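Undergrad: First the structure, which I've put down as C-alpha cells, then a few questions once you've had a look.
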Amino acid sequence: MKSFDHFELHDFLEDESFRSWVFERASPSITEWWDQFPAMFPAKALLMMQARETLLAIYDEPLVPTPASMGQRIQQIMLDTEPGQPSQLSFWTYRRASWLVAASLVLCLAGWFAWTTYQDRPAATYKKLVSSAQLPMKEVVNTGTKTHLVLLADGSSVLLQPNSRISYPSNFNSHTKREVYLIGEAFFEVAKNPHKPFFVYADNLITKVLGTSFTVRAYEKHTVDVTVKTGRVSVFSRSDSERTQKQESHTLTGLVLTPNQRVHFNRDTDHLLRTLVESPTLLDMPIQRSMFEFTGAPMLQVFSSLEKAYGIEIVFDSEVMKNCYLTASLDDEPLFEKLHMICQTLDAEYEQMDGKILITSKGCQ
Amino acid sequence: MNELLSTNFSSDESLWERFKTGDRKAFEQIISLHYASLFRFGSRYSKDTGLIEDCLHDMFVYIWERRTHISGTDSIKKYLLKSFRHKILLELQRTQRRGWVDEDEALDHAPEQNFEEFVVLIETEQLSARKIKTLIDLLPQRQQEALHLRYFEELDIDTIAQVMSINRQSVSNHLHKALNFLREHW
Numbered sequence: 002m003k004s005f006d007h008f009e010l011h012d013f014l015e016d017e018s019f020r021s022w023v024f025e026r027a028s029p030s031i032t033e034w035w036d037q038f039p040a041m042f043p044a045k046a047l048l049m050m051q052a053r054e055t056l057l058a059i060y061d062e063p064l065v066p067t068p069a070s071m072g073q074r075i076q077q078i079m080l081d082t083e084p085g086q087p088s089q090l091s092f093w094t095y096r097r098a099s100w101l102v103a104a105s106l107v108l109c110l111a112g113w114f115a116w117t118t119y120q121d122r123p124a125a126t127y128k129k130l131v132s133s134a135q136l137p138m139k140e141v142v143n144t145g146t147k148t149h150l151v152l153l154a155d156g157s158s159v160l161l162q163p164n165s166r167i168s169y170p171s172n173f174n175s176h177t178k179r180e181v182y183l184i185g186e187a188f189f190e191v192a193k194n195p196h197k198p199f200f201v202y203a204d205n206l207i208t209k210v211l212g213t214s215f216t217v218r219a220y221e222k223h224t225v226d227v228t229v230k231t232g233r234v235s236v237f238s239r240s241d242s243e244r245t246q247k248q249e250s251h252t253l254t255g256l257v258l259t260p261n262q263r264v265h266f267n268r269d270t271d272h273l274l275r276t277l278v279e280s281p282t283l284l285d286m287p288i289q290r291s292m293f294e295f296t297g298a299p300m301l302q303v304f305s306s307l308e309k310a311y312g313i314e315i316v317f318d319s320e321v322m323k324n325c326y327l328t329a330s331l332d333d334e335p336l337f338e339k340l341h342m343i344c345q346t347l348d349a350e351y352e353q354m355d356g357k358i359l360i361t362s363k364g365c366q
Numbered sequence: 427m428n429e430l431l432s433t434n435f436s437s438d439e440s441l442w443e444r445f446k447t448g449d450r451k452a453f454e455q456i457i458s459l460h461y462a463s464l465f466r467f468g469s470r471y472s473k474d475t476g477l478i479e480d481c482l483h484d485m486f487v488y489i490w491e492r493r494t495h496i497s498g499t500d501s502i503k504k505y506l507l508k509s510f511r512h513k514i515l516l517e518l519q520r521t522q523r524r525g526w527v528d529e530d531e532a533l534d535h536a537p538e539q540n541f542e543e544f545v546v547l548i549e550t551e552q553l554s555a556r557k558i559k560t561l562i563d564l565l566p567q568r569q570q571e572a573l574h575l576r577y578f579e580e581l582d583i584d585t586i587a588q589v590m591s592i593n594r595q596s597v598s599n600h601l602h603k604a605l606n607f608l609r610e611h612w
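First to last, the sequence lines map onto chains A and B. Quick note on the numbering used here: the first sequence kicks off at 2 and runs consecutively. Quick note on the numbering used here: the second sequence kicks off at 427 and runs consecutively.
Shown next, in the form of C-alpha cells:
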C-alpha cells in the first residue's frame, strides 16, 4: 500500500489516477478507491479535497469543433496551400479592403449609416460569410495577372481582377436572393431579375443591385470605394440596423449610386463620402470604358471589342461572316446576354467551350 | 483528454520529412491528426471559435509556405502546439481581446486587482471551488497557464517548456510558485 503520510498538494495533482478520478474518467475500481480515500486517510482528507477543488478550478470546458466545420476548414487550408496559389497569408495583410464601384449617387442621405467599428479583416469576414452560406458554393481565385471571366448560373458575368477571389452558389434557383462574396476587385454585369436581387458581400459592405454593371474593389488599406457604370445600386453596411429591411425590399432604398458617381468609405473614421468619378475615361478596366455601340460594324470589330473587354477568346469563321454587320447598342448586359442578342440578330449560335466562345453562323446575305 | 498525447512519435519524423519535401498527403494527414486537439487546446486561450479557426488556418498555411525552412522535429504535436500558441497569443494581443497575453516577462506578476479585498473574501469563505477559483485567478497568467497545461492538458514538463518557449526549470518554478500560493492562502 502506497503511503500518503508525506503526500502534498503537488503529489495529488501529479497523480494521474487522482486526476482521472477528479475529471470523472477513471475506471470503476479507481473511482471506488479514491471515493474511500478520506475514510482511509483522514489526516490527508482535507488536502485531498483541496487538491480536487484545485483541479476543478483549473478545469475549463474545452470547445470542440464539429466534424462538418472541421472538414470544411481542413479543405480550405488544403485549397489555400495548393501549388501555384499566391500566399493566402497575404489576404490577412489586405486588412481593410476598399470597394470601387463606378457609380453615381442619386440621393444624399447623411447620418444614415450606422457604421460600427470595423475590426474584422476582409478575409476573415469573407471566410465567415462564405462558410455560413446556405447553398453549395463555388470559389474562383484569380492568381494570374489577367482579368478572369466568371460566369454565374443566373447569366450574370463577373470579371475578376488579379489577386481576387469570389465565392458564389453553383445554382441560384432555389433561392430568392442571389448572393456572392468577394475579396479583391471585380466588375459585375448582373442579369436583370427584380424578383431576385443580387448582393455582393465584400468586407463589411453589402451592395444590392437589381440589374446593372458596376465595379467592386476590396483590397486597399483603410478605405472602401464603390463605382457604378450603368444602372443603380444601393450600398449599406452589414451592421446597418435596417439592413434586413433594405435587403428584403424589392426596390433600392438607402444610399443609391448611379453612373459616374463613387462612394468612398473610410473604415477608420466610419465616414461615407460621395464623389463624382473625376474622369470616367480613366477608369481602370477596359470594360468600364467600353460602350459597345455598333453601327453597321463588321463582326471582327464587334467580337474583338468583346474579347478585349471580357478577356475571353471568341472563335468565329471570319470568311463565313464577312458579310455580317451589326447595329446594336449593348451596355450592361452580361456577356451571355450580349452574345444572345448578337446571335439572334445574325441568326447565329454561340456556345462556350474550353474557356472560349464558339460562334456558329451560316453567314449573312 | 489524452488525444494530445497519443501521437506516435516514431512515425512523426518521417511524416514531417515528407511534409517538408512538399508531400500534400503528408500535410493533410498532419492537419487531420492534430486539428481537433489543437482546436480544443486553443479554447484555453479564447472562446471565439472563429478566431481559433482563423489562427489554425493561418498557422497551417504559414508552415506549409515555410516548410523548406522549418527544422526537423521529433514531435509534430509539440511543434504545432508551440506554433499555435504563439499565433493565437499574437492574434489576441493584436486584436486586444485580452490584455494579458503579452509575452513579456513583465506580465509575470499578479494582475493589478484589489488583492486585499480578495483576501478578505477568501478568509470568510469555506473551502469551495469558488474560493480556489478566485485564488487561481489571482495567479500570474503564466502560472495559470502552466497549471492548465500540466494538470488539465496533462502535458509533460518538457513539452510545456517547449510550448511556452521557456526552459524546464521555469516551468517547474511556475508550478511550484502557483501551488505554494494556493497552499498559503486557503
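Glycine residues also receive a C-beta, built at the ideal position from the N, C-alpha and C atoms. The structure presented is a predicted model; accordingly, all values stated were derived computationally and were not measured.
For A/S158, report the span of its beta strand (DSSP E) as first-last.
TA: S158 to L161 is the extent of the beta strand (DSSP E) around A/S158.
Undergrad: Indicate the three-state DSSP secondary structure (helix, strand or coil) for B/R594 in the structure shown.
TA: Correct three-state label for B/R594: helix.
Undergrad: Please report the Cβ distance between A/F353 and A/N324, rounded to the nearest whole angstrom; I am assuming they are in contact, meaning their Cβ atoms lie under 8 Å.
TA: First, the amino acid is wrong: residue 353 of chain A is Gln here, not Phe. Actually they do not touch by this definition, with Cβ atoms about 25 Å apart.
Undergrad: Does the distance between the C-beta of A/M41 and the nearest non-hydrogen atom of the ligand FAD fall short of 6 Å?
TA: Summarising the ligand content, the structure contains no ligands, and the ligand FAD is consequently not present.
Undergrad: Would the stretch 569–588 of chain B and the stretch 26–36 of chain A be scored as touching if the rule is three or more Cβ pairs under 8 Å?
TA: Too few Cβ pairs lie closer than 8 Å, so no.
Undergrad: Assess, as a yes-or-no matter, whether the stretch 438–447 of chain B is touched by the stretch 334–349 of chain A under the definition of 3 or more beta carbon pairs within less than 8 Å.
TA: As far as the Cβ criterion goes, the stretch 334–349 of chain A does not touch the stretch 438–447 of chain B, which means the pair count is below three.
Undergrad: Which residues in chain B sit within 7 Å of A/P63, going by Cβ to Cβ distance?
TA: Neighbours of A/P63 on chain B, chain order: R466 and S469.
Undergrad: Rounded to the nearest angstrom, what separates B/R466 and A/P66 at their Cα positions?
TA: The alpha-carbon atoms of B/R466 and A/P66 are separated by roughly 8 Å.
Undergrad: Mapping DSSP to helix, strand and coil, what is A/P29?
TA: A/P29 falls in the helix class under three-state DSSP.
Undergrad: Would the beta-carbon of B/L605 fall within 7 Å of that of A/L10?
TA: Yes, Cβ-Cβ distance for B/L605 and A/L10 is below 7 Å.
Undergrad: If we define contact as Cβ-Cβ less than 7 Å, is A/S280 a contact residue for chain B?
TA: Model confidence at A/S280 stands at a pLDDT of 49, short of 50, so the residue's coordinates are unreliable; what they give is reported in the following sentence. With 7 Å as the cut-off, A/S280 does not count as an interface residue toward chain B.
Undergrad: Please look up how many angstroms separate the CB atoms of B/K559 and A/A58, rounded, as I've assumed it's under 8 Å.
TA: So it is a contact: roughly 4 Å between Cβ atoms.
Undergrad: Given that A/H11 touches chain B, what residues does it touch there, using C-beta distances under 7 Å?
TA: Under the 7 Å cutoff, chain B gives L605.
Undergrad: Helix, strand or coil for A/N172? Go by DSSP, reduced to three states.
TA: Coil.
Undergrad: Given B/G468, which residues of its chain have a CB within under 6 Å of its CB, disregarding the five upstream and five downstream residues?
TA: These residues qualify, in order along the chain: I478 and I514.
Undergrad: Between A/N194, A/V151, A/E180 and A/K178, which lies nearest to A/F188 when the distance is taken from Cα to Cα?
TA: Minimum Cα distance to A/F188 is reached at A/V151.
Undergrad: Less than 7 Å between the beta carbons of A/I315 and A/F304, yes or no?
TA: Yes.
Undergrad: Of the residues A/A349, A/Y182 and A/F173, which one's Cα is nearest the Cα of A/V321?
TA: Of the candidates A/A349, A/Y182 and A/F173, the one whose C-alpha sits nearest the C-alpha of A/V321 is A/A349.
Undergrad: So A/Y60 contacts chain B; which residues on that side make the cut at Cβ distance below 8 Å?
TA: What A/Y60 touches in chain B: F578.
Undergrad: Along the alpha helix (DSSP H) that carries B/V589, what are the first and last residues, could you check?
TA: Residues I583 to V589.
Undergrad: For A/S21, collect the residues of the same chain with a Cβ closer than 6 Å to its Cβ; drop the 5 residues on either side in sequence, then sort them by chain order.
TA: Here the set comprises A27.
Undergrad: Does A/N194 come out as helix, strand or coil in the three-state DSSP assignment?
TA: Of the three classes helix, strand and coil, the one that applies to A/N194 here is coil, per DSSP.
Undergrad: For the stretch 37–55 of chain A, which residues have a CB atom closer than 7 Å to at least one CB atom of chain B, in sequence order?
TA: Per Cβ criterion, the list reads M50, Q51, E54 and T55.
Undergrad: Please classify B/H439: does DSSP put it in a helix, a strand, or coil?
TA: The sequence as given places Glu at residue 439 of chain B; His does not occur at that position. The answer is helix: DSSP assigns B/E439 an H, G or I state.
Undergrad: Please decide whether A/M300 counts as near chain B, where near means a Cβ-Cβ distance under 7 Å.
TA: Not one chain B Cβ lies under 7 Å of A/M300.
Undergrad: Beta-carbon of B/I558 versus every beta-carbon of chain A: anything under 7 Å?
TA: Yes, B/I558 counts as interfacial toward chain A.
Undergrad: By the 10 Å Cβ neighbour count, where 16 or more other Cβ atoms means buried, how is A/N143 classified, buried or exposed?
TA: With 16 or more Cβ atoms within 10 Å of its Cβ, A/N143 is classed as buried.
Undergrad: Within a Cβ cutoff of 6 Å, which residues of the same chain sit near A/E180, ignoring the five residues on either side of it in sequence?
TA: Cβ within range, chain order: F200.
Undergrad: Can the beta-carbon of B/L608 be found less than 7 Å from the beta-carbon of B/L561?
TA: Yes, Cβ-Cβ distance for B/L608 and B/L561 is below 7 Å.
Undergrad: Are the C-beta atoms of B/Q539 and some chain A residue less than 7 Å apart?
TA: The predicted position of B/Q539 is uncertain, since its pLDDT is 46 and thus under 50; no value can be drawn from it.
Undergrad: Quick one, which of A/S362, A/A134 and A/S330 has its alpha-carbon nearest A/C344's?
TA: Nearest option by C-alpha distance: A/S362.
Undergrad: Is the beta carbon of B/Q567 sitting closer than 7 Å to the one on B/K508?
TA: Against a cut-off of 7 Å, the Cβ pair of B/K508 and B/Q567 comes out as no contact.
Undergrad: Verify the CB distance criterion: does B/V487 have a CB-CB separation below 7 Å to chain A?
TA: Taking Cβ atoms only, chain A reaches closer than 7 Å to B/V487, which makes this a yes.
Undergrad: Would A/M41 be called buried (16 or more neighbouring beta carbons within 10 Å of its own) or exposed?
TA: Exposed is the call here.
Undergrad: Please check if any C-beta of chain A sits within less than 7 Å of the C-beta of B/I502.
TA: Answer no: the Cβ-Cβ gap between B/I502 and chain A never drops below 7 Å.
Undergrad: Check each residue of the stretch 65–79 of chain A: if its Cβ is closer than 8 Å to any Cβ of chain B, include it; give the result in chain order.
TA: So the list reads V65, P66, S70, M71, R74, I75, Q77, I78 and M79, given in the order they occur along the chain.
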